[in-house]
Amino acid sequence: SALTQPASVSGSPGQSITISCTGTSSDVGNYNIVSWYQQHPNKAPKLMIYEVNKRPSGISNRFSGSKSGNTASLTISGLQAEDEADYYCNSYGGGNAWVFGGGTKLTVL
Amino acid sequence: QVQLQESGPGLVKPSETLSLTCGVSGHSISGANYWAWIRQPPGKGPEWIGTVDYRGSTYYNTSLINRITISVDTSKNQFSLTLSSVTAADTAIYFCTRLMNPGHFDYWGQGTLVTVSS
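Going down the list, the sequences are from chains X and L. If you want this note's numbering, it's the 1-based position in the first sequence plus 1. If you want this note's numbering, it's the 1-based position in the second sequence plus 58.
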């Protein structure tokens with residue numbers, strides 16, 4: 002089953018927001034293999050966070066990840082207009098399978 | 059810089075077979091990585107379809123396992139997807155990606171829209 006994310010979140014420039022991603026003890030809760038992707042309209046998803054809290058080279062330190070139990074979170078601090086996009090979480094689900102979240106639309110007010 | 063490019067028909071008739079190829083440049087497909095197909099129906103979240111390594115070992119989404127085949131051609135540095143007996147529910151943007159150990163998708167193709175319609 003897909004991971005559960007809020008449909009939308011919003012924040013003003015400069016503020017911080019957090020997007021949650023809830024799975025089960027078979028995926029998010031059992032593996033530290035959670036990643037987050039940013040997707041702008043008509044673009045491919047872009048890796049922002051991997052292995053719960055690691056940032057790929059070139060990704061701003063305004064993006065951070067964490068996990069507690071079956072829920073992972075993506076926090077974006079110092080919101081900027083360019084952060085407005087859809088965000089998806091992903092987790093390893095065991096058995097060489099991966100599961101995505103339904104996505105969260107971030108609006109920068 | 060790793061680059062991936064999907065290619066294939068943008069329109070497939072119901073009950074027929076969807077076939078896509080992903081060309082990889084900037085990285086040998088024979089490296090110690092996995093390669094994956096992911097699809098995204100319009101307005102929805104992505105769905106992992108399946109994964110292949112350079113030896114041809116495959117792992118499939120159980121919801122599609124009876125209809126999909128993923129293969130690799132190391133001589134052409136590309137991998138492919140076939141999905142049989144398609145219906146309108148298979149209409150989606152199909153992405154090819156690199157899957158890095160232990161499990162994140164770091165490079166993506168631009169995606170190709172496949173519409174299932176008569």
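Beta carbons: idealized from backbone N, C-alpha and C, even for Gly.
Bridge pairing for V109(X): G12(X) [DSSP]. If you keep only unbroken beta strand (DSSP E) runs of at least 3 residues inside the segment 73-137 of chain L, you get 76-83, 92-98, 105-111, 116-118 and 126-131. Spatial neighbours of S11(X) in its own chain (CB-CB distance under 6 Å, excluding positions within 5 residues in sequence) are listed in chain order as T108 and L110. Cβ proximity to chain X below 9 Å picks out I151, F153, T155, L157, M158, P160, G161, H162 and F163 from the segment 145-163 of chain L. Counting along the chain, the unbroken beta strand (DSSP E) around I20(X) starts and ends at I18 to T23.
Inter-segment contact for the segment 57-68 of chain X and the segment 61-77 of chain L is absent: fewer than three beta-carbon pairs are separated by less than 8 Å.
Bridge partners of I50(X) according to DSSP: W37(X).
Residues of chain L with a Cβ closer than 7 Å to the Cβ of I18(X) do not exist; the shortest Cβ-Cβ separation is about 19 Å. Under DSSP, L80(X) takes part in no beta bridge, so it has no partner. Interface criterion met: the Cβ of F101(X) is under 9 Å from a Cβ in chain L. Look at A146(L) here: in three-state DSSP terms it is helix.
Annotation: the continuous beta strand (DSSP E) that includes G66(X) extends over F64 to S69.
With a threshold of 16 other beta carbon atoms within 10 Å, A86(X) meets it and is buried. Ranking H41(X), S78(X), N91(X) and Q40(X) by CA distance to the CA of T19(X) puts S78(X) first. Three or more beta-carbon pairs separated by less than 8 Å link the segment 24-36 of chain X to the segment 81-101 of chain X, which places the two stretches in contact.
Residue burial annotation: Q16(X) is exposed, with fewer than 16 other C-beta atoms found within 10 angstroms of its C-beta. According to the DSSP assignment, N91(X) belongs to the beta strand (DSSP E) that extends over A86 to Y93.
Boundaries of the beta strand (DSSP E) harbouring Y165(L): H162 to W166, taken from the DSSP string.
Sequence-distant Cβ neighbours of C22(X) in its own chain, meaning closer than 6 Å and more than five residues away, are L4, Q6, A73, C90 and G102. Neighbours of P7(X) across chain L, judged by C-beta separation under 7 Å, do not exist; the nearest C-beta is about 13 Å away. For Q168(L), the nearest beta carbon of chain X is closer than 9 Å to its own beta carbon. Put simply, the backbone Cα of P72(L) is about 7 Å away from that of S143(L). Taking 9 Å as the threshold, the shortest C-beta distance from I60(X) to chain L does not fall below it. Judged by beta-carbon spacing, G24(X) lies within the 9 Å limit of V100(X), meaning their Cβ atoms are closer than that value.
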